[in-house]
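Q: Numbering (my numbering), first residue to last: 1037 to 1485.
One structure follows; several queries about it will come next.
Below is the structure:
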């Protein structure tokens, strides 16, 4: 006989843990199932430890910027305290006891194991079937996508996990992939003295963001000493040597594969609930419903591998399961930040995407060093503001904020896009002086209304 609870949460990553904990606190009986670590990628191999690494490398960069501004300096990198902090403060040596106790302390029941759907409102774990009176929430996340390059499978390459766990740095590193993860780690390792090469198959880094973002990050990385090669397709890997289609070879002590993320859904039993087991993501409606009695949140829904997206979707699923009122998902103002130096934050549509949708586009662009705060900041002031406006509706549909605090400045632009604040209102606001965000005013004044 199947054991019965109110809700089963299959996959206790960021989104799943949030759903399970909040529903348990609301008085529902909740079974949470996870075969890895409760909390998912973010606290153990993603957002938290990687930003600790980036923070440390940023301090090194700032130390090197003292000369000519505030005296003189010599900087001597030491990886040991960074590795120690990641182990002890961020991950508890990759132990999720705190997260499990947090969930069970809220009233949930936790089961360590690999679950699969076994029909509507049913989940099987190691031969035991569990039934949910209200339904099942899937939050099984994603894993590193590994390209089918000959020889790669036989190579002991790194993914973001091995890169985060490293205790001793290599002398050299080749990074396959010019997206956010690859670029953040490339710059960070370079600043700690590793000789880094980035190889990107597409014609520019950050290929899905604005061309201005690609141009800026390429210039900054090269200034840091990173070798950048775009439009280069890897055709073979031999040991730690990457062979490109044009005949060039790049050898290094370690190889990091950062070519994106993929949802591993084929073993989830989606066919038992009428869904396609070969799908790349689980399609959900505005209330996170994938089927009758089935919700999905986070990376597996295909709306980006971001902690903030998982938390946003979790809140919607919780309301729906509890029968509470609330707006459906609205992805128009989807924010994302690449935590390089400078940070590159984006929200909504790029110029190209807006034009592709048939929007009557107008853009504005201003360089951060030309702002008063940028001029004061001087060294390390790389950045810009780019706005993408819909002239017919007099609103912003997208924006990019690059700079020393690009991710923080982005918040004002995210509000403008999400709330559809009229451009003429933005033009007549008061912007605090002298701030980095005041560059928004310089950009918005370029737009016609």
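In this text, a Cβ means the ideal position worked out from N, Cα and C, and glycines have one as well.
1) Report the CB separation of residue 1480 from residue 1400 in whole angstroms; it is logged as a contact under 8 Å.
2) Rounding to the nearest angstrom, what Cα-Cα distance links residue 1170 and residue 1357 in this structure?
3) Note down the Cα distance separating residue 1068 from residue 1044, rounded to an integer number of angstroms.
4) Give me the Cα-Cα distance between residue 1178 and residue 1260, rounded to the nearest whole angstrom.
5) Cβ of residue 1049 within 8 Å of Cβ of residue 1334?
6) What whole-angstrom Cβ distance do residue 1289 and residue 1209 have, given they're in contact under 8 Å?
7) In three-state DSSP terms, what is residue 1298?
8) Would you mind giving the Cβ-Cβ distance between residue 1473 and residue 1445, rounded to the nearest angstrom? I have them listed as a contact below 8 Å.
9) Does DSSP put residue 1250 in a helix, a strand or coil?
10) Rounded to the nearest angstrom, how far is the Cβ of residue 1524 from that of residue 1475, given a contact under 8 Å?
11) Name the two residues that bound the continuous alpha helix (DSSP H) containing residue 1079.
12) Taking its Cβ as the centre, do 16 or more other Cβ atoms sit within 10 Å of residue 1331, making it buried, or is it exposed?
13) Is it the case that the stretch 1343-1363 contacts the stretch 1192-1205, given that we only count it when at least three CB pairs across the two stretches are under 8 Å?
14) Just to check my reading of the structure: residue 1291 and residue 1420 have Cβ atoms closer than 8 Å, yes? What is that Cβ distance to the nearest angstrom?
15) Assuming contact is defined by CB atoms lying nearer than 8 Å, are residue 1369 and residue 1424 in contact in what I supplied?
16) Tell me residue 1486's beta-bridge partners as DSSP assigns them.
17) Can you name, in chain order, every residue of its own chain whose Cβ lies under 6 Å from the Cβ of residue 1231, other than the five neighbours on each side?
18) Tell me the residue span of the alpha helix (DSSP H) that contains residue 1155.
19) Do residue 1151 and residue 1161 have their C-beta atoms within less than 8 Å of each other?
20) Could you compute how far the alpha carbon of residue 1477 sits from the alpha carbon of residue 1105?
21) What's the C-alpha gap between residue 1075 and residue 1336?
22) Spatial neighbours of residue 1129 within its chain, please: CB distance less than 8 Å, with the 5 preceding and 5 following residues excluded, ordered by chain position.
23) Taking the alpha-carbon positions, what's the residue 1318 to residue 1281 distance?
24) Kindly indicate which residue of 1322, 1320 and 1301 has the alpha-carbon position closest to the one of residue 1314.
25) State the DSSP-derived secondary structure class of residue 1107, mapped to helix, strand or coil.
26) Is the beta carbon of residue 1195 less than 8 Å from the beta carbon of residue 1293?
27) For residue 1146, report the span of its beta strand (DSSP E) as first-last.
28) Over what stretch of residues does the beta strand (DSSP E) that includes residue 1348 continue unbroken?
A: Looking at the atomic coordinates:
1) The C-beta distance from residue 1480 to residue 1400 rounds to 7 Å, short enough to fall under 8 Å.
2) Taking the straight line joining both Cα atoms gives about 8 Å.
3) Rounded to the nearest angstrom, the gap between the Cα atoms of residue 1068 and residue 1044 is 6 Å.
4) Computed Cα separation, rounded: 31 Å.
5) Yes, these two residues count as a Cβ contact at 8 Å.
6) Taking 8 Å as the upper bound for CB-CB distance, residue 1289 and residue 1209 are in contact here, some 7 Å apart.
7) Residue 1298 falls in the strand class under three-state DSSP.
8) Indeed, because the Cβ distance is near 5 Å, the residues count as touching under 8 Å.
9) In the structure shown, residue 1250 sits in a helix (DSSP, three-state: H, G or I).
10) This structure does not reach residue 1524, given that the chain is present from 1037 up to 1485, and the question cannot be answered.
11) It spans 1077-1081 - the alpha helix (DSSP H) in which residue 1079 sits, taken as one unbroken run.
12) Burial call: buried.
13) Under the Cβ criterion (8 Å, minimum of three pairs), the stretch 1192-1205 does not count as touching the stretch 1343-1363.
14) Between residue 1291 and residue 1420 the beta-carbon gap is near 33 Å, outside 8 Å, which marks them as no contact.
15) Contact flag unset, no.
16) No information on residue 1486 is available, as it lies outside the stretch 1037 to 1485 that the chain covers here.
17) Result list for residue 1231: 1208, in chain order.
18) Element bounds for residue 1155: n/a, residue is neither H nor E.
19) At the C-beta level, residue 1151 and residue 1161 come within 8 Å of one another.
20) Looking at the two C-alpha atoms, the distance is approximately 28 Å.
21) The straight-line gap from Cα to Cα measures roughly 15 Å.
22) The residues 1123, in chain order, have a CB closer than 8 Å to that of residue 1129 in the same chain once the five nearest residues on each side in sequence are set aside.
23) Near 35 Å, if we compare the C-alpha coordinates of residue 1281 and residue 1318.
24) Looking only at 1322, 1320 and 1301, the smallest Cα-Cα distance to residue 1314 is reached by 1301.
25) Secondary structure at residue 1107: coil, using DSSP grouped into helix, strand and coil.
26) Between residue 1195 and residue 1293, the gap from beta carbon to beta carbon is short of 8 Å.
27) Its beta strand (DSSP E) spans residues 1145-1148.
28) From DSSP, residue 1348 is part of no beta strand (DSSP E) but of the alpha helix (DSSP H) over 1343-1358.
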